[in-house]
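A.B. asks:
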Amino acid sequence: MKHRLPAVFLPLLLLTGCISKADQEPPTRTAEIFAMDTYMTLKACGAGAEAALDAASARIQELDDLFSVTKEDSDISRINHACGMPTVVRNETAAVIGTALAVGADTGYALNIALYPVLRAWGFTTGSYQIPARETLDTLLASADPKRITADGSVVVVPQGYELDLGAVAKGYTGDQVTEIFRQFGLTSGIVSLGGNVQALGTKPDGSKWTVGIADPEKPDSLLGKVEVEDCAVITSGSYERYFEGEDGKRYWHILDPADGCPADNGLSSVTVIGRNGARCDALSTALFVMGTEPAKTYWQKQRSFEMILVTDDGHIFVTEGIASDFRTENGKEAEILHGGS
Ligand code: ADP
Ligand code: MG
């Protein structure tokens, strides 16, 4: 495992350039938190920023306590240990599961929140990496059918032996919640990066858009490009984010293809999804990564309800037309614009 922080800190680096001039502009406050297994940077602008950050930090902790797959009394752990019986959880836990199931159903089950035992077999849950035997994967996949999971109101039911993990959606949902708290505190400007998943509230205090860096999957310490946004989530899934190298010299990463239980290897090295709803963008970034280049393009063309930046593993960049004018690449790289057609 190569420990890498840049995907986490890239947005932070870009943010530090926009600290307000104290005299003329409202206060800007930042907080750094480690939660959900990742570094988070929160920036709140305006009167009340300090209190908003405190409330947001407490809320992040609360969501970590609900969604954690390792904390014993989290909603997710209780579901995973319910032996097939219904589990009463917070409405929001059931709702996030519901969002993930809906995106799963809509993407041919490229997103499957029941893969935790498969992630464990690869060692992604502990860092003790190994390449599981084909039979092991097949056995585990037999107990990971997302169609057998139900989430209704505050009740979640999964068959015995199933284990859920919200790693693909929790940070996106958390970003939504943090910006909602900022709003409740009367703020109209702020930006948060939750392990590289960015959620922007409004614009910068001076009215210009926020700049979010997109990592170069080949050199994750560098930027592939920058996108200017206001009031939306910018969420990336990439094969460079967490991986190990096998004795065969191949890389094995943490986003699995539910079709075979192996790292999804369908032509993409990163997918960035940009849209209003962070939970959905997070779910989609993972699902589109699994689907691969052409299915991701087709899916976007049918939906058109979000924007995306695809980076293929042979270095091509595709950007959807709705954000093409707000995206620029670094080092003169070319990006091809995807059009929706009629
Ligand atoms: P990250 O959390 O690294 O930003 P993602 O949002 O793409 O990236 O989520 C990846 C995480 O989701 C993995 O670490 C794992 O916990 C889980 N996961 C992996 N493959 C899938 C999948 N096909 N469907 C749902 N969850 C997945
Ligand atoms: Mg995701």
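To convert, note that position 146 of the sequence shown is 283 in this note's numbering; the numbers rise steadily by one, no gaps. Just so it is clear, CB atoms sit at the ideal spot from N, CA and C, and this is done for glycine as well.
Within 10 Å of its beta-carbon, does Q505 have 16 or more other beta-carbons around it, so buried, or fewer, so exposed?
C.D. replies: Summary: the structure shown does not reach residue 505, with the chain confined to residues 138 through 479, and so no result is reported for it.
A.B. asks: Assess, as a yes-or-no matter, whether the stretch 212-223 is touched by the stretch 406-415 under the definition of 3 or more beta carbon pairs within less than 8 Å.
C.D. replies: No, because fewer than three Cβ pairs between the stretch 406-415 and the stretch 212-223 fall closer than 8 Å, the two stretches do not touch.
A.B. asks: Return the chain-ordered list of same chain residues with a C-beta closer than 7 Å to the C-beta of A288, the five sequence neighbours on each side being excluded.
C.D. replies: For A288, where only same-chain residues beyond five positions count, the Cβ hits under 7 Å are A231, I234, G235, L238.
A.B. asks: Can you give the Cα-Cα distance for G332 and K208, rounded to whole angstroms?
C.D. replies: The straight-line gap from Cα to Cα measures roughly 20 Å.
A.B. asks: Sorted by chain position, which residues of the same chain lie with C-beta nearer than 8 Å to N217's C-beta, five sequence neighbours on each side aside?
C.D. replies: Only V206, Y253, V295, Y299, E300, L301 meet the Cβ criterion.
A.B. asks: Hey, F464 and V364: beta-carbon distance below 8 Å or not?
C.D. replies: Going by C-beta atoms, F464 is nearer than 8 Å to V364.
A.B. asks: How big is the Cα-Cα spacing for G304 and F322?
C.D. replies: In a straight line, the C-alpha of G304 is about 28 Å away from that of F322.
A.B. asks: Would you say the stretch 334-354 touches the stretch 189-204, given that touching needs at least three Cβ pairs under 8 Å?
C.D. replies: The stretch 334-354, when compared against the stretch 189-204, does not touch it at the 8 Å Cβ threshold.
A.B. asks: Which same chain residues end up closer than 8 Å to A279 when comparing Cβ atoms and leaving out the 5 residues on each side of it in sequence?
C.D. replies: Counting only Cβ-Cβ distances below 8 Å, and skipping sequence neighbours, we find nothing.
A.B. asks: Compare the C-alpha of Y266 against each of A424, D394, R215, K387 and name the closest.
C.D. replies: Of A424, D394, R215, K387, the residue nearest in Cα terms is K387.
A.B. asks: Compute the distance between the beta-carbons of V366 and W347, then report whether it is under 8 Å.
C.D. replies: Cβ distance < 8 Å, so V366 and W347 count as in contact.
A.B. asks: Determine the DSSP secondary structure at Q480, reduced to helix, strand or coil.
C.D. replies: The chain is shown from 138 up to 479; residue 480 falls before or after that span and cannot be answered.
A.B. asks: Within this structure, are the beta carbons of M173 and A307 separated by less than 8 Å?
C.D. replies: Cβ distance < 8 Å, so M173 and A307 count as in contact.
A.B. asks: Can you tell me whether T435 is buried or exposed, with buried defined as 16 or more other CB within 10 angstroms of its CB?
C.D. replies: With fewer than 16 other Cβ atoms within 10 Å, it is exposed.
A.B. asks: What number of angstroms, rounded off, separates the C-alpha of R320 from the C-alpha of I213?
C.D. replies: Using only the alpha carbons, I get a separation of about 28 Å.
A.B. asks: Starting from E317 and walking both ways along the alpha helix (DSSP H), at which residues does that stretch end?
C.D. replies: Looking at the DSSP string, the run of the alpha helix (DSSP H) that includes E317 is 307-321.
A.B. asks: Regarding I392 and the ligand ADP, is the C-beta to nearest heavy atom distance less than 7 Å?
C.D. replies: Within the cutoff, so yes.
A.B. asks: To the nearest angstrom, how far is the alpha carbon of D450 from that of P163?
C.D. replies: Computed Cα separation, rounded: 43 Å.
A.B. asks: Report yes if the C-beta distance between F261 and R379 is below 8 Å; otherwise report no.
C.D. replies: The answer is yes: Cβ separation under 8 Å.
A.B. asks: Put I234 into one of helix, strand or coil per three-state DSSP.
C.D. replies: Helix.
A.B. asks: At a cut-off of 7 Å, is S326 close to the ligand MG when judged by its beta-carbon and the heavy atoms of the ligand?
C.D. replies: No, since every heavy atom of the ligand MG falls outside the 7 Å radius drawn around the Cβ of S326.
A.B. asks: For the beta strand (DSSP E) holding F464, just list the boundary residues, first then last.
C.D. replies: It spans 464-466 - the beta strand (DSSP E) in which F464 sits, taken as one unbroken run.
A.B. asks: If you measure between the beta carbons of P283 and Y246, is that distance less than 8 Å?
C.D. replies: Yes, Cβ-Cβ distance for P283 and Y246 is below 8 Å.
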